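Protein chains in written order, with our numbering: chain A, 1 to 389; chain B, 390 to 732.
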């Protein structure tokens, strides 16, 4: 809070932007939110078109080649974005620390593998049907895990989910039909062949997979966005900010926490099924706890609670190891240190969460009192600390 | 099949669950025949869990923080044990040393490990947690920092020593000492169990009988009031991390004794989760609970492993126990408290 000179009487454009002292870049979010909907759409369309065109453009500085195939790297980014959006519902919105998110991701992958791979003894269904099925199955697992544990104090949840992620991996190793390290070859993919008769959704062909994943991500983004603006979303924020207060105000905390957990799980399962399809091979090696922490790093790095933030975080976490291959071996070290440093210096992440409701409240306060109110903490990670210098 | 159990082999020795012949099998026969040896070995493992669990439980008791990075404090100690013993000439085969020389070497290794682990724990508090406490950060930030610190240390070790475990260091060949219910107790199990119990008693006495321990309990009970009463809260917190680290260093020696080839960059992670489960099982924040929980978890894990027929089941059983305990009695067996009940 450096600027205290702003007063509404000056009549400048600053009215819509409660001065945050974060510079023009971070003020962008406020300016964006103050735009009318059609204008937001008008701005979004070219951005989305650009995102879709990326694998074809293969821009020189951005490209990950020759290290990694660029469309595949982009698919990786899109997959991480989807995961981050899902985990953000749990961590960012409802404020529940889920360290076993990879478990849901793994279950989604195994659902896709078990029902499409020729190595599996179960009946087979078309690949695209496994996507909703993976979501349904992971929702059930989310319910099984969440129902007993969400009644507990928040930090127990962290360790229980961590254990859950590990159990899923161990069961994939021990239980024989899940084939451990041998895994499942040639997992299914969406139908369609090109003019030469090759499958469009081949393992090596990243572009269609990227488009599919981006499309799904955008759909999920819409659904989750609507959910956040609904009664459910408000309940989540209330729980995140102060669970006891929320409970007293009549929010059914356990039910809404369970909702967040289950919805997050479903998105995790969906991304797992997508991943299984693209890689075409599922075994127990890809679902370890470090991966789970990488997912968490994506959410926290970008700014938990902020959808644009977590997508940025997902981009950083997945793109950097692909772009700078020499750093790939150290990615866990780098992101581990990044988490510590971030919590100390910028706990709200690169792009902190701004809750619209609270922003309205601030504007109203501004009009009545005539001076900017202290920026209240509206991220699960933004403590009182910022005011204590 | 030992003769002693021949009369009571269950009629159904193998119960098959769910679909297919090889899904999950219960090997009741092996469970019965190995019951006592499992119990004894489980107690030895459990002592290691208990020592590590102490670090979790004390930090939790004072700060209400799950110090995820404690497992790395422990594994750094294991590295210290490995390097000291390697420098002293220990290797993949047990050395021929007199008992006095062997004990001297092991004590030296333990002291170095305690020192290293203690320093790492204190450094961790300084670098990662103290800035957050200064800023009065929310709990989620602490947890994320802890997990970040855990990974930073783990992968710093990885960058330094690579993914493969260090070569085994065998300290001594376990010799059978005596028998109970047909199960032999060997010198290794005896040493681990005995030393762990002694260390736990010392810690318990330190917390309950000394002036510093009283300060520690005071801060655990009510930090603000304790500060008003003249307890230096910061010093108590450092002390808590230090004691936890020292015990983890001791645990590291016993761990290397039990699992000679277990010194690996991520070797502490699962053990850490199990130790935390042990702390919760006994009642987090409760020192005696950590001992009880550790021993119980070691024994239960061993039973599960024999019953289900694969060593990897130990971890699954441990997690299931953790979830079960949290569901039925979230405060653990002995209840949560560091010394005394906190409201």
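Cβ atoms here follow ideal geometry from the backbone N, Cα and C, with glycine treated the same way.
No experiment lies behind these values; they were computed from the predicted model shown.
Nearest-angstrom Cα separation, counted from residue 96 of chain A out to residue 237 of chain A: Taking the first residue of the first chain as position 1, residue 237 of chain A is located at position 237. Taking the first residue of the first chain as position 1, residue 96 of chain A is located at position 96. Rounded to whole angstroms, residue 237 of chain A and residue 96 of chain A show a C-alpha spacing of 11 Å.
Host alpha helix (DSSP H) of residue 586 of chain B (start-end): Residue 586 of chain B sits at position 197 when you count from the first residue of the second chain. Note, residue 586 of chain B: alpha helix (DSSP H), 576-598.
Nearest to residue 565 of chain B (by Cα), restricted to the options B:537, B:705, B:430: Residue 565 of chain B sits at position 176 when you count from the first residue of the second chain. Nearest neighbour of residue 565 of chain B by Cα position, chosen from B:537, B:705, B:430, turns out to be B:430.
Within 8 Å, strictly: CB atoms of residue 654 of chain B and residue 559 of chain B: Residue 654 of chain B sits at position 265 when you count from the first residue of the second chain. Residue 559 of chain B sits at position 170 when you count from the first residue of the second chain. Taking 8 Å as the Cβ cut-off, residue 654 of chain B and residue 559 of chain B do not qualify as a contacting pair.
Environment of residue 717 of chain B [buried if 16+ CB atoms lie within 10 Å]: Locating residue 717 of chain B in the second chain gives position 328, counting from the first residue. With fewer than 16 Cβ atoms within 10 Å of its Cβ, residue 717 of chain B is classed as exposed.
Amino acids of chain B, ordered along the chain, whose beta-carbon sits closer than 8 Å to that of residue 97 of chain A: Here residue 97 of chain A refers to the residue found at position 97 when the first chain is read from its first residue. Neighbourhood of residue 97 of chain A in chain B, by CB distance below 8 Å: 529, 532, 533, in chain order.
Same chain, Cβ closer than 6 Å to residue 357 of chain A, five either side skipped, listed in chain order: Walking along the first chain from the start, residue 357 of chain A turns up at place 357. Bear in mind that a pLDDT of 49 at residue 357 of chain A, under 50, signals an unreliable position, so the number given afterwards is only what the model happens to contain. Excluding residues within five positions, none has a Cβ falling inside 6 Å.
Residue-chain proximity (residue 553 of chain B, chain A), Cβ-Cβ < 8 Å: Along the second chain, read from residue 1 onward, the residue named residue 553 of chain B stands at position 164. With a threshold of 8 Å between beta carbons, residue 553 of chain B makes no contact with chain A.
Member of A:264, A:294, A:106, A:183 whose CA lies at the smallest distance from the CA of residue 166 of chain A: Here residue 166 of chain A corresponds to residue number 166 of the first chain, with the count starting at 1. Measuring from the Cα of residue 166 of chain A, the nearest candidate turns out to be A:106.
Residue 410 of chain B versus residue 470 of chain B - alpha carbon distance: On the second chain, residue 410 of chain B is found 21 positions in, with the first residue counted as 1. On the second chain, residue 470 of chain B is found 81 positions in, with the first residue counted as 1. Residue confidence is low: residue 410 of chain B scores 46 on pLDDT, short of 50, so the model does not pin down where it sits. No coordinate-derived value is stated.
Helix, strand or coil at residue 282 of chain A according to DSSP, with G and I counted as helix: Locating residue 282 of chain A in the first chain gives position 282, counting from the first residue. In this structure, residue 282 of chain A counts as strand in the three-state DSSP scheme.
Within-8 Å CB hit, residue 711 of chain B to chain A: Here residue 711 of chain B is taken as the residue at index 322 of the second chain, counted from 1. It does; some Cβ of chain A falls within 8 Å.
CB contact check: residue 225 of chain A to chain B, cutoff 8 Å: Here residue 225 of chain A refers to the residue found at position 225 of the first chain. Closer than 8 Å: no.
Within chain B, the residues that residue 330 of chain A reaches when beta carbons sit closer than 8 Å: In the first chain, residue 330 of chain A corresponds to position 330, counting from 1. For the C-beta of residue 330 of chain A, the chain B residues within less than 8 Å are, from N- to C-terminus, 544, 548.
Distance between residue 434 of chain B and residue 494 of chain B (C-alpha atoms, nearest Å): Against the second chain, residue 494 of chain B aligns to sequence position 105. Against the second chain, residue 434 of chain B aligns to sequence position 45. Cα atoms of residue 494 of chain B and residue 434 of chain B: separation of roughly 22 Å, rounded to the nearest angstrom.
Three-state class that DSSP yields for residue 356 of chain A in the structure shown: By 1-based counting over the first chain, the position of residue 356 of chain A is 356. Residue placement at residue 356 of chain A is poorly supported in this model, since its pLDDT is 47, which falls under 50; the coordinates are not used for a value here.
The alpha helix (DSSP H) enclosing residue 722 of chain B, as first and last residue numbers: Translated into the one-based positions of the second chain, residue 722 of chain B becomes position 333. Looking at the DSSP string, residue 722 of chain B is not in any alpha helix (DSSP H), and its letter there is neither H nor E.
Assigned exposure category for residue 619 of chain B - 16 Cβ within 10 Å defines buried: Translated into positions along the second chain, residue 619 of chain B becomes position 230. Exposed is the label assigned to residue 619 of chain B, since fewer than 16 other Cβ atoms lie within 10 Å of its Cβ.
Contacts of residue 167 of chain A in chain B (Cβ-Cβ under 8 Å): Counting from one through the first chain, the residue named residue 167 of chain A turns up at place 167. Neighbours of residue 167 of chain A on chain B, chain order: 704, 705, 708, 709.
Cβ-based contacts, 9 Å cut-off: residues of the stretch 146-163 of chain A near chain B: Residues passing the 9 Å Cβ filter: 148, 149, 151, 152, 153, 154, 155, 156, 158, 159, 160, 162, 163.
C-alpha gap between residue 152 of chain A and residue 89 of chain A, whole angstroms: Here the question's residue 152 of chain A lines up with position 152 in the first chain. Here the question's residue 89 of chain A lines up with position 89 in the first chain. Our two residues, residue 152 of chain A and residue 89 of chain A, have alpha carbons roughly 19 Å apart in a direct line.
Distance between residue 270 of chain A and residue 92 of chain A (C-alpha atoms, nearest Å): Here residue 92 of chain A is taken as the residue at index 92 of the first chain, counted from 1. Here residue 270 of chain A is taken as the residue at index 270 of the first chain, counted from 1. Whole-angstrom Cα-Cα distance: 19 Å.
Per-residue DSSP class, three states only, for residue 457 of chain B: As a working mapping, residue 457 of chain B is identified with position 68 in the second chain. In the structure shown, the three-state DSSP call for residue 457 of chain B is coil.
Under 9 Å by beta carbon: chain A residues contacting residue 455 of chain B: Here residue 455 of chain B is taken as the residue at index 66 of the second chain, counted from 1. Those are 155, 156, 158, 159, listed as they occur along chain A.
Separation of residue 627 of chain B from residue 457 of chain B, as counted between CA atoms: Numbered from 1 along the second chain, position 68 holds the residue referred to as residue 457 of chain B. Numbered from 1 along the second chain, position 238 holds the residue referred to as residue 627 of chain B. Rounded to whole angstroms, residue 457 of chain B to residue 627 of chain B spans 17 Å at the Cα level.
Listed by chain order, chain A residues near residue 716 of chain B by CB distance under 7 Å: Translated into positions along the second chain, residue 716 of chain B becomes position 327. Neighbours of residue 716 of chain B on chain A, chain order: 148.
Minimum Cβ-Cβ distance from residue 685 of chain B to chain A less than 8 Å: By one-based count along the second chain, residue 685 of chain B stands at place 296. No, its Cβ sits nowhere closer than 8 Å to a Cβ of chain A.
Beta-carbon neighbours of residue 699 of chain B, restricted to chain A and to distances below 8 Å: Locating residue 699 of chain B in the second chain gives position 310, where the first residue counts as 1. Under the 8 Å cutoff, chain A gives 174.
Bounding residues of the beta strand (DSSP E) (the contiguous stretch that carries residue 569 of chain B): Stepping through the second chain from its first residue, residue 569 of chain B is reached at position 180. Segment 565-569, the beta strand (DSSP E) holding residue 569 of chain B.
Assigned secondary structure, residue 552 of chain B (DSSP; H/G/I helix, E/B strand, else coil): As a position in the second chain, residue 552 of chain B is number 163, starting the count at 1. Correct three-state label for residue 552 of chain B: coil.
Beta-carbon spacing of residue 671 of chain B, residue 721 of chain B below 8 Å: Mapped onto the second chain, residue 671 of chain B falls at position 282. Mapped onto the second chain, residue 721 of chain B falls at position 332. Taking 8 Å as the Cβ cut-off, residue 671 of chain B and residue 721 of chain B qualify as a contacting pair.
Within 8 Å, strictly: CB atoms of residue 146 of chain A and residue 268 of chain A: Position 146 of the first chain, counting from 1, holds the residue named residue 146 of chain A. Position 268 of the first chain, counting from 1, holds the residue named residue 268 of chain A. The answer is no: Cβ separation not under 8 Å.
Minimum Cβ-Cβ distance from residue 22 of chain A to chain B less than 8 Å: As a working mapping, residue 22 of chain A is identified with position 22 in the first chain. Below a pLDDT of 50, predicted positions are generally treated as unreliable, and residue 22 of chain A, at 47, falls in that range; the measurement from the model is reported next regardless. No, residue 22 of chain A lies away from the interface with chain B (no Cβ there is under 8 Å from its Cβ).
8 Å Cβ cutoff, residue 595 of chain B in contact with chain A: Position 206 of the second chain, counted from the start, is the residue given in the question as residue 595 of chain B. Taking 8 Å as the CB threshold, residue 595 of chain B stays off the interface with chain A.
Beta-carbon proximity check, residue 287 of chain A vs residue 79 of chain A, cutoff 8 Å: In the first chain, the residue the question calls residue 287 of chain A occupies position 287. In the first chain, the residue the question calls residue 79 of chain A occupies position 79. Remark: C-beta atoms of residue 287 of chain A and residue 79 of chain A do not approach each other more closely than 8 Å.
Whole-angstrom distance between residue 606 of chain B and residue 513 of chain B, CA atom to CA atom: Locating residue 513 of chain B in the second chain gives position 124, where the first residue counts as 1. Locating residue 606 of chain B in the second chain gives position 217, where the first residue counts as 1. When rounded, the distance between both Cα atoms is 22 Å.
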